[in-house]
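Be aware that the sequence shown starts at 1, since it is given in UniProt numbering, and climbs by one per residue.
Ideal Cβ placement from N, Cα and C applies to all residues, glycine included.
Input: a single structure, listed below in structure tokens.
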Amino acid sequence: MNEIPEYYRPGSRLHISLASQSGGINATVVHPITPFTTSQVLVCRIEHNPTITSPSSLAVVKVYDPRFFKDRYPTDLSLQHPWSHEAEAAAASSRQNQYPVVTSREYPVSPDWGDPGNNSPAAWEEFYFQHAEYAFQAEVKAYDMLSDWQGRSILYYLGAGTLPVSTLSSPRAIIPRVLLLEYLPDAVTLNDIDPQRITRPVLRSLFETAEAFASLGIIHTDLHGGNILLTPAEHPVRGCIIDFGCSFVRQEESDEEWEFLVAQNSDVRAVQVSLKRVEYRDFSWVLEDEHRGHPRVRHETK
1 MNEIPEYYRP
11 GSRLHISLAS
21 QSGGINATVV
31 HPITPFTTSQ
41 VLVCRIEHNP
51 TITSPSSLAV
61 VKVYDPRFFK
71 DRYPTDLSLQ
81 HPWSHEAEAA
91 AASSRQNQYP
101 VVTSREYPVS
111 PDWGDPGNNS
121 PAAWEEFYFQ
131 HAEYAFQAEV
141 KAYDMLSDWQ
151 GRSILYYLGA
161 GTLPVSTLSS
171 PRAIIPRVLL
181 LEYLPDAVTL
191 NDIDPQRITR
201 PVLRSLFETA
211 EAFASLGIIH
221 TDLHGGNILL
231 TPAEHPVRGC
241 IIDFGCSFVR
251 QEESDEEWEF
261 LVAQNSDVRA
271 VQVSLKRVEY
281 RDFSWVLEDE
291 HRGHPRVRHE
301 TK
């Protein structure tokens with residue numbers, strides 16, 4: 001992808017406006033986590049602020065700036081739909097609300113869906129904006145619903161807001177949304193760890209968390225080894241499920257309809273598949289539920 005912008009580089013100072021307060025907070029970028037995907041993930045040092053309850057002065061800042069959306073970069077040599085201020089401004093001018101409310105499971109549709117010849121830069125800019133907005137709103141909803149699990153198998157959610165990134169040399173027509181999350185030091189993804197280092201208590205917590213999603217009215221839908229963090233890397237004692245940007249929440253579905261959606265998008269099965277891909281084999285506490293059509297966790301009896 002393109003060069004990392006100056007304001008995402010180590011040492012850059014950011015001012016984040018939080019929805020929960022008028023003053024906002026200041027942060028200094030320690031380092032970006034690349035490659036960028038739907039969001040840009042930065043490890044930042046947060047200046048002391050009494051409204052932010054964080055276990056550390058470091059936090060993860062997720063910026064949902066569609067300018068750096070991964071699908072703009074289909075190859076290392078060319079851009080399929082490069083960003084431009086003109087296209088961004090045209091898209092923003094046709095928007096009734098600065099931040100439109102999106103509906104869970106109504107994913108943005110690309111301009112060429114049903115119209116392969118549609119290469120309107122403004123239309124594509126609107127698509128990328130809607131995609132980033134969907135991911136942001138999905139994450140906020142998910143962390144709100146998973147508040148009881150935060151600090152264990154879910155990261156602490158510290159707040160949400162906006163990050164002005166417009167400059168004289170590179171003006172912008174939007175102000176990207178931002179999430180602040182707990183930073184896990186010395187963490188690795190499930191994809192990058194020796195499976196022999198993963199203890200049964202850590203695995204059980206991951207399975208039980210994934211199983212709890214459905215009863216809380218949420219389905220992750222994008223649960224894979226890259227979205228499971230383990231810490232510390234050498235001898236993990238905590239596992240966390242991250243990245244709820246593709247999740248959706250229960251709305252007016254009947255019990256039968258919701259059960260069908262859960263079976264089709266089983267988060268428990270996704271954890272199991274992720275472990276199999278790193279050659280972990282002990283699934284003695286996972287039961288196949290023929291009635292429900294998806295696996296469930298065997299709970300210990302006392």
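Distance between leucine 179 and glycine 159, taken at the CA atoms: about 6 Å. For threonine 209, the enclosing alpha helix (DSSP H) has its first and last residue at 200-216. Judged by DSSP secondary structure, proline 32 falls within the beta strand (DSSP E) whose first and last residues are 25-33. Under the 10 Å beta carbon count, histidine 48 is surrounded by fewer than 16 other beta carbons and is classified as exposed. Short of 7 Å from the beta carbon of tryptophan 113, and not among the five residues preceding or following it, lies no beta carbon of its own chain. The three-state secondary structure of glycine 114, taken from DSSP, is coil. Measuring C-alpha to C-alpha distances from serine 205 to each of Ile218, Pro236, Asp186, Ile219 identifies Pro236 as the nearest. Restricting attention to alpha helix (DSSP H) runs no shorter than 4 residues, the segment 103-148 encloses them at 121-145, ordered along the chain.
Looking at the DSSP output, lysine 62 shares a beta bridge with Val41, Leu179. For leucine 158, the enclosing beta strand (DSSP E) stretches over residues 157-162. Minimum Cα-Cα distance from cysteine 44 among the listed residues Thr38, Val30, Phe36 corresponds to Val30.
In this structure, alanine 123 lies near proline 111, with their beta-carbon atoms less than 8 Å apart.
Counting of Cβ neighbours within 10 angstroms places aspartate 194 among the exposed residues, the total staying below 16. Close CB contacts of phenylalanine 213 within its chain, under the 7 Å cut and outside five residues either way in sequence, are with Ile219, His220, Asp267 (chain order). Counting only residues of its own chain and dropping the five nearest sequence neighbours on each side, phenylalanine 136 has a CB closer than 6 Å to the CB of Tyr64, Arg177. Note that the C-beta distance between asparagine 227 and aspartate 243 is below 8 Å.
Taking histidine 131 as reference, the option from Val262, Gly245, Gln251 with the minimal CA-CA separation is Gly245. C-alpha of threonine 103 to C-alpha of tyrosine 134: approximately 8 Å in a straight line.
Closest option to serine 166, judged by alpha-carbon separation, among Gly24, Arg67, Arg281, Pro32: Arg67. Exposure of isoleucine 33 is indicated by the presence of fewer than 16 other C-beta atoms within 10 angstroms of its C-beta. In the DSSP assignment, leucine 261 falls within the unbroken alpha helix (DSSP H) covering 255-264. Here glycine 239 carries a strand assignment [DSSP, helix/strand/coil]. Arginine 13: member of the beta strand (DSSP E) spanning 13-18, first to last residue.
Valine 249 is bridged by DSSP to Ile218. Distance from the CA atom of glycine 24 to the CA atom of leucine 190, rounded to whole angstroms, is 34 Å.
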